[in-house]
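Everything below concerns the one structure shown next.
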DNA sequence: ATCCCCATGTAAGCGGTTACATGATTGG
DNA sequence: CCAATCATGTAACCGCTTACATGGGGAT
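Chains as they are written, first to last, in the UniProt record's numbering: chain V, 1 to 182; chain D, 1 to 182.
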């Protein structure tokens, strides 16, 4: 149930409409907690029912501006300090495929790992670009967002290095210990 | 829809019952693709309907032994070589919290990051232990399982290092560039 | 006999994705 | 006036989690 806390977190910086929040999700939280329009409006309704947010203004086109309440702030704080984060990579179909590499031809397995390294490297480059773009901005979200971005950079680098190592490892597996050529 | 391919992958090593598969999930795939009993039996039924597996034997207590079919093997192969793996860490409530570290007292934020480092280190130690346990075993699942385990080791180490870096970074954020003490 | 393990199944609920649906307002 | 954008909402579906439910068979 993190979407609700993502919303509370964003509203803790100031009031916003569902539409505003959606934009913020797209530009700044997209890489850590993507949310769809559908989900967002639903959650805002539930948050209002629970008393964690209230409608503070109504604008044109039925626009509703929400603000966080004291109860909402308390809930956000509780989530931040008391709730243990869920393990990051609990499910990975990328690693699941690794378990079954044995059913592939050696060449196919190699290609798979090679592609993992390339994909990781591409992600890494994209994040590097993103860092340049967001390097200004002294608001809280930007400052801590860069901290999260650093995680992404390190993570993708690790992923790339592992995939390259694993590709090497394939040879070791097929040509075991004592094997000498010729 | 990776559960079905996890099942196909396991059955590609030989026939097994739902119960057998459940045990294998618990001991070897638990860290990459956990599955519950409930899910597993449902999926086996659907796989049979789709013609990817068949019941090859019935044992005591209603036990049904499933084997993969040629169509199942083809589907497994297709999934392995053609389907792009989904990005590993698409959602992270651990990183989501990082975005909102600004709402906490400096001391609380520091505690949060410290705990991340500790948790990562603990995971790292657990995986190191696991590696000792599974270091034998020359079957395909063990060999490639160790490759996946190496990913876990590198990943948890990166996570720990990042959290330690981020904790340092907190100071830099609160005491900006030109600030001198006294 | 009894207890533990083997063994399979069903149902409710939750969060997320995709698609559908509608309409107002503003800028060129 | 027309298009793009603002703006909110509903419904169907899918996979995962938790809990419930039932019963047979082997070991001591």
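For glycine and all other residues, C-beta sits at the position ideal for the given N, C-alpha and C.
Annotation for residue 30(D): no alpha helix (DSSP H) segment contains it, and DSSP assigns it neither H nor E. Put simply, the CB of residue 7(V) is far from chain D, with every gap to its CB atoms at 7 Å or more. The beta carbons of residue 56(D) and residue 47(D) sit no closer together than 7 Å.
Where residue 65(D) is concerned, the enclosing beta strand (DSSP E) starts and stops at 64 to 68. Taking the CA atoms as reference points, residue 164(V) sits about 10 Å from residue 110(V).
DSSP places residue 57(V) in the strand class (E or B) of the three-state scheme. Ranked by Cα distance from residue 84(D), the options 93(V), 85(V), 86(V), 87(V) are led by 93(V). Interface criterion not met: the Cβ of residue 106(V) is under 7 Å from no Cβ in chain D. Residue state for residue 16(D) is assigned as strand, using DSSP reduced to three classes. The residue among 73(V), 97(V), 139(V) with its C-alpha nearest the C-alpha of residue 82(D) is 97(V). A residue is called buried when at least 16 other Cβ atoms come within 10 angstroms of its Cβ; residue 16(V) meets this threshold and is buried. Secondary structure of residue 86(V) (DSSP, three-state): coil.
Apart from sequence neighbours up to five positions away, the residues of its chain that approach residue 51(D) with a beta-carbon distance below 7 Å are 69, 71, ordered along the chain. For a Cβ distance threshold of 7 Å, residue set 147 of chain D lies close to residue 169(V), ordered along the chain.
Beta-carbon to beta-carbon, residue 103(V) and residue 80(D) are separated by about 7 Å, close enough to satisfy the 8 Å threshold.
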